[in-house]
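Asks: Residue numbers (the working numbering), protein chains in the order written: chain A, 47 to 167; chain B, 15 to 226; chain C, 141 to 491; chain D, 43 to 296. Take a look at this one; I'll ask things after.
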Amino acid sequence: MADPSATNSADGLMIAVIADEDTVTGFLLAGVGNVDARRKSNFLVVDAKTTVPDIEAAFKDFTTRGDIAIILISQYIADMIRHLVHNYTKPVPAILEIPSKDHPYEPEKDSILSRVTHMLG
Amino acid sequence: MGITEVGPIAFYTWVICSISFVLFLYGVNISSTSDSFIDWGYLYQLFAFVDPYLLSGLGVSMAIGLSVLGAAWGIFITGSSLIGAAVKAPRITSKNLVSVIFCEAVAIYGVVVAILLATKTETVNSLENGDYSASSKAAGYAIFASGATVGFANLVCGVCVGVVGSSCALSDAQNSALFVKILVIEIFGSALGLFGVIIGVILSAHARFKDE
Amino acid sequence: MYGFEALTFNAKDGYLEALVRGYRSGLLTAGDYNNLCQCDSLDDIKLHLGTTDYGNFLQNEPSPLQVSTIVEKCTQKLVEEFRHMRCQASEPLATFLDYLTYGYMIDNVVLIVTGTLHERDVQDLLQKCHPLGMFDSIETLAVAQNMRELYRLVLVDSPLAPYFSDCIRSEDLDEMNIEIMRNTLYKAYFEDFCQFCQKLGGTTAEWMTDMLTFQADRRTINLTINSMGTELTRDDRKKLYPAVGLLYPQGQQGLAASEDYDQVRAVLENYSQYQTIYSKMGFGETPLLDKAFYEEEVRRSIGSLDLQFHYGVFYAYLCMREQEIRNLMWVSECVQQDQKARIYDGIVYIF
Amino acid sequence: MSSNNRLPVVPTVTVLAIIKARLLGATKGHQLLKKKADALNIKFRKVLAEIVKTKTEMGKTMKESAFELTQAKYAAGEHIKHTIFDNVEAAQVKVKAVTENVAGVKLPKFQYLNDGSESKMEMTGLGKGGQPIQNCRTANIKAIQLLVELASLQTSFLALDEAIKTTNRRVNALENVVIPKLENTITYIKGELDELEREEFFRLKKIQANKERDLALKEAEQAMALMGDAFGGGGSGGSNLVDGDHDEDQLFTS
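Dropping the structure here:
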């Protein structure tokens with residue numbers, strides 16, 4: 047629950063994005079994007095050519111990097127790697143499933159929200 | 015709009031026309047003296063000794079040549095537009111052949127008049143002083159003028175039909191309702207050539223090379 | 141002198157002029173748009189586009205259809221048509237058509253240059269380039285490590301070289317903001333294109349000057365509005381204004397000093413031609429001028445079709461086709477995002 | 043059964059006192075944990091309600107920002123996204139992780155941070171479509187803020203969920219295992235002690251009875267001896283104390 051790395055917390059942690067091109071574009075426009083000196087970026091554009099192992103690798107990378115606090119992932123992409131998302135239990139970085147413009151948001155599929163609705167009965 | 019914007023052809027035409035007009039006026043003003051700029055008396059002699067056959071030959075060749083030039087010009091203007099427009103609207107090709115035929119008709123006028131003129135043409139012997147008889151000179155000039163009339167009338171008529179035909183093809187491709195309307199304009203354009211033909215025929219009707 | 145064009149124009153360009161008008165008749169009409177607006181899914185749109193001039197261009201696409209795929213395919217159609225015309229064209233139409241692609245070329249060069257500075261993969265960058273703006277040596281753009289080298293090795297051979305050499309000094313290249321560079325190039329391009337059209341003479345010059353005047357003014361107004369509140373100073377802003385157009389130079393003086401919309405409006409009110417534009421600008425609020433500009437552009441483009449024997453139709457066709465792609469993108473996005481209420485906001489009816 | 047569900051203790055008074063003290067502690071702890079669980083539950087409910095609210099709101103916000111992007115693309119052209127991708131350098135929007143304390147549970151919370159540095163994005167679309175792009179940017183920043191909030195809620199949700207589970211486990215353990223066990227032990231000890239008491243009582247009673255009988259016998263003998271002395275010397279009657287009646291052992295158990 048503690049900060050993953052004390053060094054980075056001073057100037058803030060980043061938000062990572064795994065989504066379709068348009069969603070990523072929007073967030074980059076807002077200034078979320080970060081590309082460091084080693085050409086490592088904190089976003090992944092998923093298009094028709096992106097394979098599931100690519101997404102898995104990026105997801106694992108983002109969850110273990112330490113300078114990322116929130117991972118935004120499009121819901122339909124989360125569905126592709128549902129096993130990883132389901133088994134992920136750490137509170138930081140937080141996984142957030144977001145709707146994408148061409149995939150309407152389905153609350154039933156959301157790992158968190160399904161628990162929420164289950165609890166609310 | 016400066017003069018350079020008018021385009022080179024128009025510019026040169028204008029220059030040549032104005033120069034010749036100035037020369038013509040100069041010549042008329044001082045024609046009485048022999049050392050005038052244009053010696054009209056000498057010019058008369060020159061034209062008087064021209065063989066009427068040459069004039070009629072020129073007339074015939076102008077009739078056919080300029081008509082065909084006009085027709086060909088019209089056909090390429092129409093044709094290139096027609097082909098381009100037919101890429102997206104193939105239905106227009108058969109209808110718009112009318113425009114091409116109109117242009118073709120212009121060439122046919124030329125051919126008809128040329129044949130007419132050619133059949134009238136005869137050889138005549140010159141008089142002793144090298145001059146020709148009045149009637150043969152008149153016949154030569156008449157056939158020359160007739161040929162020129164028909165030729166130039168058909169030249170511009172062909173171009174006119176061509177331009178209208180090109181627009182006709184383009185409009186028909188967009189909206190087939192326009193075809194008939196533009197065809198009417200084209201018919202009017204095509205009639206221009208006929209005027210020339212009529213005048214040409216009348217002009218050459220009384221041409222007699224030899225006095226009977 | 142219209143007559144002389146009528147005599148000689150068709151010798152070289154009659155076929156292409158008729159062809160481009162034929163392409164134009166393939167543009168979607170208001171009826172088509174109305175039908176498209178009734179669609180409930182992208183597949184409906186695909187089905188409907190199948191009945192139009194687009195034909196079966198989407199037939200081989202896998203079923204979860206993306207908006208970007210539609211846009212890409214439409215662009216591809218435009219590019220194919222354009223390339224077809226370019227191949228048939230003889231001088232000076234060929235040069236004219238080349239000029240039309242320089243705008244895209246500028247975008248591509250800027251894209252590659254930024255990409256190179258950020259060390260992106262060249263192949264990726266090339267895929268993102270607009271196909272109309274490709275030139276032979278574009279792939280080698282990426283070999284250059286810095287901007288000076290880039291200019292010396294590659295750009296010097298491209299058609300854009302004069303724009304670079306005229307307006308961008310090599311020491312500027314490295315630290316210049318990429319957007320400023322893009323707009324400086326655009327300015328040079330506009331001026332050059334205008335000159336070229338003047339040289340062509342006749343109806344082409346007349347119509348194109350009119351259109352380019354509008355485009356230049358649009359750019360000027362856009363630059364003014366978009367640079368408000370940014371770090372761009374007045375002098376810098378003024379440097380980016382193209383030195384053509386109705387607003388040049390008097391109106392540009394005023395616009396360069398404008399700091400809010402009301403001032404821009406005040407300047408524009410002196411130009412009755414732009415009444416349609418500034419009447420869209422409300423007092424004190426942020427206006428959305430883009431659609432007004434697009435409408436004006438389409439209106440002027442349609443005007444070009446009333447004239448024959450000139451090159452303006454090619455430019456007009458490009459504008460209209462681009463607008464159609466924008467329209468289609470808008471409709472598809474609205475359908476996909478379920479924003480039916482706003483679907484009519486973005487469509488500019490062409491016919 | 044009672045032997046299973048109790049502590050293995052020797053039933054003495056001291057042990058009883060210890061166990062009683064433990065029971066008291068357990069009850070107190072149970073009460074406190076119950077209270078904590080309630081506090082967490084209240085917070086949890088609040089978080090849940092907010093998550094549901096924010097999630098639905100997020101759907102709307104994301105839709106809006108996606109549409110703003112459409113407008114930007116409409117105005118500036120499709121290629122604008124490449125420009126945006128290429129202008130990415132360092133993140134301006136970041137989050138700060140802080141912790142909030144609810145009933146002793148540390149909840150991680152994220153705070154939206156914008157370092158406010160002049161971004162290259164400001165100039166994007168200078169010549170064409172700048173305004174919709176800036177609108178899109180604002181809309182997306184709004185969306186990000188909402189998402190950060192949602193992420194906080196979600197993390198809180200997870201942490202709270204965990205905390206509540208632990209607390210409930212403890213409460214249940216106390217309620218269903220520890221306290222019954224202690225109570226059973228107390229009952230057992232009490233039972234054993236009662237039993238012992240009863241035995242003692244019985245034995246005391248028995249001793250008393252024996253003692254009374256002996257006394258009676260002794261008295262009778264004395265009376266006899268007195269009578270024997272009086273009636274004939276007591277040669278034979280002079281009973282020997284040693285080989286007299288068998289003297290029963292006195293048993294003192296416990």
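We put the beta carbon where it would ideally sit given N, CA and C, even for glycine.
1. Ser492 (chain C) by DSSP, collapsed to three states: which one?
2. Can you round the beta-carbon distance between Val135 (chain D) and Ala65 (chain A) to whole angstroms, since I take them to be within the 8 Å contact cut?
3. Quick check: what's the CA-CA separation for Leu237 (chain C) versus Phe38 (chain B)?
4. Would a check of beta-carbon distances place Glu259 (chain C) closer than 9 Å to chain G?
5. Cβ of Ile365 (chain C) less than 9 Å from any chain D Cβ?
6. Taking only the alpha-carbon atoms, compute the straight-line gap between Asn218 (chain D) and Gly112 (chain A) and give it to the nearest angstrom.
7. Which runs of the alpha helix (DSSP H) at least 4 residues long sit entirely within the stretch 319 to 395 of chain C? Give them in chain order.
8. Are the C-beta atoms of Lys147 (chain A) and some chain C residue less than 9 Å apart?
9. Identify the residues that DSSP records as bridge partners of Asn152 (chain D): which are they?
10. Looking only at its chain, what residues have a beta carbon closer than 6 Å to the beta carbon of Pro271 (chain C), apart from the 5 residues adjacent to it on each side?
11. Beta carbon of Ala86 (chain B), beta carbon of Gly172 (chain B): below 9 Å?
12. Please classify Asn88 (chain A) as buried or exposed, where buried requires at least 16 other C-beta atoms within 10 Å of its C-beta.
13. Determine, for Glu473 (chain C), whether the minimum Cβ-Cβ distance to residues of chain A falls below 9 Å.
14. In or out: Cys31 (chain B) buried (at least 16 other Cβ within 10 Å) or exposed?
15. Is Ser230 (chain C) helix, strand or coil when you go by DSSP?
16. Specify the secondary structure class of Met245 (chain C) as computed by DSSP and reduced to three states.
17. Pull up the CB-CB distance for Val190 (chain D) and Val137 (chain D), whole angstroms please, since I reckon it's below 8 Å.
18. Going by DSSP, which residues form a beta bridge with Met60 (chain A)?
19. Taking only beta-carbon positions, decide if Asp125 (chain A) is within less than 9 Å of chain C.
20. Does the beta-carbon distance from Gly195 (chain C) to Lys102 (chain B) come in below 9 Å?
21. State buried or exposed for Gly424 (chain C), treating a residue as buried only when at least 16 other CB atoms are found within 10 Å of its CB.
22. Can you tell me the Cα-Cα spacing of Asp430 (chain C) and Ser298 (chain C), whole angstroms?
23. Give the interface partners of Gly171 (chain D) over in chain C, defined as CB-CB distance under 9 Å, in chain order.
24. How about Ala187 (chain B): is its C-beta nearer than 9 Å to some C-beta of chain C?
25. Who pairs with Val81 (chain A) in a beta bridge, going by DSSP?
26. Would you say Gly146 (chain D) reaches chain A, if we count a Cβ-Cβ gap shorter than 9 Å as a contact?
27. Tell me, to the nearest whole angstrom, how far the beta carbon of Ser390 (chain C) is from that of Lys378 (chain C); I am working on the premise that it is less than 8 Å.
28. Going along chain C, which residues have a C-beta under 7 Å from Ser181 (chain B)?
29. Assuming contact is defined by CB atoms lying nearer than 9 Å, are Gly171 (chain D) and Gly119 (chain D) in contact in what I supplied?
30. 9 Å is my cut-off, CB to CB: does Val81 (chain A) come that close to chain C?
31. Between the C-alpha atoms of Thr180 (chain D) and Met100 (chain D), what's the straight-line distance to the nearest angstrom?
32. Could you tell me the alpha carbon to alpha carbon distance between Cys269 (chain C) and Asn323 (chain C), rounded to whole angstroms?
33. Beta strand (DSSP E) containing Ala191 (chain B): first to last residue?
34. Please confirm whether Phe152 (chain D) has its beta-carbon closer than 9 Å to some beta-carbon of chain A.
35. I need the straight-line Cα distance from Ser181 (chain C) to Pro204 (chain C), nearest angstrom please.
36. Can the beta-carbon of Val125 (chain B) be found less than 9 Å from the beta-carbon of Ser160 (chain B)?
Replies: Judging by the given coordinates:
1. Since the first residue shown for chain C is 141 and the last is 491, residue 492 (chain C) is missing from the structure and cannot be characterised.
2. Not quite, the Cβ-Cβ distance comes to about 15 Å (not below 8 Å), so this is no contact.
3. Separation of Leu237 (chain C) and Phe38 (chain B) (C-alpha to C-alpha, rounded to the nearest whole angstrom) is 47 Å.
4. Reference to chain G is not applicable here, since the protein chains of this structure are A, B, C and D.
5. Contacts with chain D at 9 Å (Cβ-Cβ) include Ile365 (chain C).
6. It is roughly 42 Å from the alpha-carbon of Asn218 (chain D) to the alpha-carbon of Gly112 (chain A).
7. With a minimum length of 4 residues, the continuous alpha helix (DSSP H) runs that stay inside the stretch 319 to 395 of chain C are 342 to 367 and 374 to 380.
8. It does: the Cβ of Lys147 (chain A) has a partner Cβ on chain C nearer than 9 Å.
9. It is worth fixing the name first, because residue 152 (chain D) is Phe in this sequence and not Asn. Phe152 (chain D) is bridged to D:Ala139.
10. Only Val219 meet the Cβ criterion.
11. In this structure, Gly172 (chain B) lies closer than 9 Å to Ala86 (chain B) by Cβ.
12. The Cβ neighbour count for Asn88 (chain A), taken over all protein chains shown within 10 Å, is at least 16; the residue is labelled buried.
13. Closer than 9 Å: yes.
14. Exposed: under 16 other Cβ atoms inside 10 Å.
15. DSSP places Ser230 (chain C) outside both helix and strand once states are collapsed to three, so it counts as coil.
16. Secondary structure at Met245 (chain C): helix, using DSSP grouped into helix, strand and coil.
17. At roughly 5 Å, the Cβ-Cβ gap stays under 8 Å, so Val190 (chain D) and Val137 (chain D) are in contact.
18. In DSSP, Met60 (chain A) forms a bridge with A:Ile114.
19. So, not an interface residue.
20. No, the Cβ-Cβ distance between Gly195 (chain C) and Lys102 (chain B) is not below 9 Å.
21. With a pLDDT of only 45 at Gly424 (chain C), under the threshold of 50, the placement of this residue in the model should not be trusted; the figure read from the coordinates follows. Gly424 (chain C) comes out exposed.
22. Each residue's alpha carbon lies about 31 Å from the other.
23. Those are Asn362, Asn366 and Asp430, listed as they occur along chain C.
24. It does: the Cβ of Ala187 (chain B) has a partner Cβ on chain C nearer than 9 Å.
25. For Val81 (chain A), which the question treats as bridged, DSSP gives the partners A:Ser87.
26. Not one chain A Cβ lies under 9 Å of Gly146 (chain D).
27. It is Gln, not Ser, that sits at residue 390 (chain C) in the sequence shown. In fact, because the Cβ distance is near 13 Å, the residues do not count as touching under 8 Å.
28. Per Cβ cutoff of 7 Å: Gln448.
29. Closer than 9 Å, so yes.
30. For Val81 (chain A), the answer is yes, since a Cβ of chain C falls inside 9 Å of its Cβ.
31. Approximately 15 Å, taken between the alpha carbons.
32. For Cys269 (chain C) and Asn323 (chain C), the distance between alpha carbons rounds to 18 Å.
33. Per DSSP, Ala191 (chain B) belongs to no beta strand (DSSP E) and is neither H nor E.
34. At a cut-off of 9 Å, the C-beta of Phe152 (chain D) has a neighbouring C-beta in chain A.
35. Spanning the two alpha carbons is a distance of roughly 10 Å.
36. By the CB criterion at 9 Å, Val125 (chain B) and Ser160 (chain B) fall outside the cutoff.
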